[in-house]
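*Asks:*
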Amino acid sequence: MSARSAKGRADLVEVKERNAELESQVAELKGILALKESGLERSEADLALARLDADSRGAENERLKSKIAELERRSADEAKRTESLWNKVRQAKRETVDIFWPRLKKVKTFLADQDRMNPRVLTLNQAVAVRDSYEALKSRCRRSADWVKKYRVDVEQLEAEIDQEEVVTADELELEFGPLADEVAKLDAGTSCQFVPSEY
Numbered sequence: 418m419s420a421r422s423a424k425g426r427a428d429l430v431e432v433k434e435r436n437a438e439l440e441s442q443v444a445e446l447k448g449i450l451a452l453k454e455s456g457l458e459r460s461e462a463d464l465a466l467a468r469l470d471a472d473s474r475g476a477e478n479e480r481l482k483s484k485i486a487e488l489e490r491r492s493a494d495e496a497k498r499t500e501s502l503w504n505k506v507r508q509a510k511r512e513t514v515d516i517f518w519p520r521l522k523k524v525k526t527f528l529a530d531q532d533r534m535n536p537r538v539l540t541l542n543q544a545v546a547v548r549d550s551y552e553a554l555k556s557r558c559r560r561s562a563d564w565v566k567k568y569r570v571d572v573e574q575l576e577a578e579i580d581q582e583e584v585v586t587a588d589e590l591e592l593e594f595g596p597l598a599d600e601v602a603k604l605d606a607g608t609s610c611q612f613v614p615s616e617y
């Protein structure tokens with residue numbers, strides 16, 4: 418066997434070994450790609466579920482915010498009503514204390530005087546009516562104040578619920594699943610032959 422023939426056989430063996438090594442690398446890379454593709458399918462399914470969950474949480478969040486706004490509006494309305502009632506109470510109290518009760522004292526003082534009793538009796542009736550009106554207004558104010566307090570407690574509880582809610586945003590989902598999708602996209606951009614180094 419000539420030296421050239423021996424060298425040729427040695428080169429052939431080396432080329433076959435190198436080819437077998439490259440085929441092994443190609444098979445390994447194809448396996449990695451298959452795993453990536455199956456992982457991407459699972460990740461996309463998880464991403465869809467996570468986005469659906471985020472949408473659901475967002476809708477619930479908006480519902481709670483809407484309820485809070487409604488309760489705050491009702492609370493403000495009740496506060497205005499309470500203030501209006503208190504103004505009426507103050508007016509009734511002023512009329513009762515400053516106007517009618519002094520007249521009532523005069524009525525009691527001059528009950529024996531028949532000529533002056535009739536107009537004083539009318540004033541007495543007015544005083545009693547104002548006093549009853551005052552008590553009724555005061556009772557309504559207490560009820561309104563209780564409603565305002567209840568609405569404020571409800572609003573605070575809803576705000577606490579929203580603070581405890583873990584809202585998944587689209588940005589957070591992209592941060593979690595984006596890198597994997599980018600990596601698979603890079604693999605999808607090539608073909609199987611490109612897994613072999615170009616110099617071979």
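Everything in the sequence shown is counted per this note's numbering, starting at 418 for the first residue and increasing by one. Cβ atoms here follow ideal geometry from the backbone N, Cα and C, with glycine treated the same way.
(1) Taking just the CA atoms, how far does residue 469 sit from residue 584?
(2) Excluding the five sequence neighbours on either side, which residues of its own chain have a C-beta within less than 6 Å of the C-beta of residue 441, listed in chain order?
(3) Exposed or buried, residue 495, counting other C-beta atoms within 10 Å across all chains shown (16 or more means buried)?
(4) Does residue 448 get closer than 9 Å to chain C when you measure Cβ to Cβ?
(5) Report the rounded CA-to-CA distance for residue 435 versus residue 474, giving the unit in angstroms.
(6) Roughly how many angstroms lie between the CA atoms of residue 438 and residue 479, to the nearest whole one?
(7) At the level of alpha carbons, what is the spacing between residue 489 and residue 497?
*Replies:* In brief:
(1) Any reading at residue 584 needs caution, since the residue's pLDDT is 48, under 50, leaving its predicted position unreliable; the model's value is listed next. C-alpha separation (whole angstroms): 12 Å.
(2) none
(3) buried
(4) Absent from the structure is chain C; it holds one protein chain and no more.
(5) 57 Å
(6) 60 Å
(7) 12 Å
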